[in-house]
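Residue numbers (the UniProt record's numbering): 1 to 302.
As structure tokens, this is what we get:
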């Protein structure tokens, strides 16, 4: 059986795709799986902020078109880059185990922790979610907008004389950069910075009617991650998630109980709200929708 997997051509995307390919080959050694890299609008327009070029969808649209056209059988994305609503005819399939959900700060040489950041320290990030949560933690910080792949952003610490950059821990670990940068990495716990919904989770997108592929993917599913993905994506969908407003979410699973923490702000960061809601495993999407409704109502009333 031949399968073509489609993904972005970035180093991280290729590594993530090969993780899924190897999971499938371990279960089904007879599969003939090939990786096809596809350039997206987000890869081409690297110097523009995401909210100016179309939000989250700029990293997935071209790949989804090839999936709809039958040129690829599976599309692999970072789930945090996925818009809340998918194109007609496509769906997200089973989900493998989540990597570290946290954000990290990579510090310049000479700094060892957050407390050593100078007054007015320059921190690079292209994310409003990260920007406003950092400013809430340290009002004096100077947040500088940057874009580019992980390696490019890390290089900008020197080239743009930054004190640090904020990135997703999952990407750092999947590229094994934590082994090289170990003394420069500060992990930001969710009490400081709530992650993007589904950060660290891989999205495996397929055609809605492709039962063969769906059945193959069932055997690389991870139960806890499936629960987290459903809850956090429901929260994102109800908010109407894009890159224009800061949104964060993290779901923790305790036996039959599920706890969702959410973060929501306005475009200019003048209103920032954190809320937590508990629910049960038999109403996962409802939990995400309910917390989003509570937070939207509170934001809009201020």
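Backbone N, C-alpha and C fix where the C-beta goes; we use that ideal spot for every residue, glycine too. In this text the structure is predicted, and so the values were computed from the model without any measurement.
For this session: Inspect the beta-carbon positions of residue 80 and residue 196 and report whether they are closer than 7 Å.
Result: As a first step, residue 80 is located in the chain shown; it is residue number 80 there, counting from the start. As a first step, residue 196 is located in the chain shown; it is residue number 196 there, counting from the start. For residue 80 and residue 196, yes; Cβs fall inside 7 Å.
message = Quick check on the burial criterion: 16 or more other C-beta atoms within 10 angstroms. Buried or exposed for residue 150?
response = Translated into the one-based positions of the chain shown, residue 150 becomes position 150. Buried, because 16 or more other Cβ atoms sit within 10 Å of the Cβ of residue 150.
- Per DSSP, cross-strand counterpart(s) of residue 310: The displayed coordinates of the chain run from 1 to 302. Any statement about residue 310 would go beyond what the structure contains.
- [ ] Label residue 52 either buried or exposed according to how many other C-beta atoms from any shown protein chain fall within 10 Å of its C-beta, with 16 as the threshold for buried.
- [x] Along the chain shown, read from residue 1 onward, the residue named residue 52 stands at position 52. Its pLDDT being 49, under 50, residue 52 is placed unreliably in this model, and the coordinates cannot settle the point.
task = Taking residue 298 as the reference, give the member of 282, 266, 278, 222 with the closest Cα.
result = On the chain shown, residue 298 is found 298 positions in, with the first residue counted as 1. The shortest C-alpha separation from residue 298 is found at 266.
Taking the beta carbon of residue 50 as the centre, do at least 16 other beta carbons fall within 10 Å, making it buried, or is it exposed? Mapped onto the chain shown, residue 50 falls at position 50. Interpretation of residue 50 is limited by its pLDDT of 49, a score under 50 that renders its predicted location unreliable; the figure taken from the coordinates is listed afterwards. It is buried - the Cβ of residue 50 has at least 16 other Cβ atoms within 10 Å.
Using the Cβ count rule (16 or more neighbours within 10 Å means buried), how would you classify residue 300?
Position 300 of the chain shown holds residue 300. Around the CB of residue 300, fewer than 16 other CB atoms lie within 10 Å, so the residue is classed as exposed.
If we count the other Cβ atoms within 10 Å of its Cβ and call it buried at 16 or more, is residue 165 buried or exposed? Along the chain shown, read from residue 1 onward, the residue named residue 165 stands at position 165. Residue 165 comes out buried.
| query | For residue 12, which option in 174, 223, 162 has the closest C-alpha, if you only look at C-alpha atoms? | reply | Translated into positions along the chain shown, residue 12 becomes position 12. Per the Cα distances, 174.
**Q.** Run of the beta strand (DSSP E) containing residue 245, from where it starts to where it stops
**A.** Within the chain shown, the letter at position 245 stands for residue 245. Run containing residue 245: none; DSSP gives neither H nor E here.
Per-residue burial, residue 96 [other beta carbons within 10 Å of its own, 16 or more giving buried]:
Residue mapping note: residue 96 aligns to position 96 of the chain shown, counting from 1. Per the 10 Å Cβ criterion, buried.
Excluding the 5 residues preceding and the 5 following residue 48 in the sequence, name in chain order all residues of the same chain whose CB lies nearer than 6 Å to its CB. As a first step, residue 48 must be located in the chain shown, where it is residue number 48. Low confidence applies here, because residue 48 scores a pLDDT of 48, under 50, leaving its location unreliable and the question unanswered by this model.
Near residue 16, what residues of its chain come up, given a Cβ to Cβ distance below 8 Å and the 5 sequence neighbours on each side ignored? Taking the first residue of the chain shown as 1, we reach residue 16 at position 16. Excluding residues within five positions, the ones whose Cβ falls inside 8 Å are 7, 76, 78, 174, 202.
Span separating the alpha-carbon of residue 211 from that of residue 60:
Position 211 of the chain shown holds residue 211. Position 60 of the chain shown holds residue 60. Straight-line measurement puts the Cα of residue 60 at about 22 Å from the Cα of residue 211.
- Item | Pairwise C-alpha distance: residue 239 and residue 18 | By 1-based counting over the chain shown, the position of residue 18 is 18. By 1-based counting over the chain shown, the position of residue 239 is 239. Our two residues, residue 18 and residue 239, have alpha carbons roughly 32 Å apart in a direct line.
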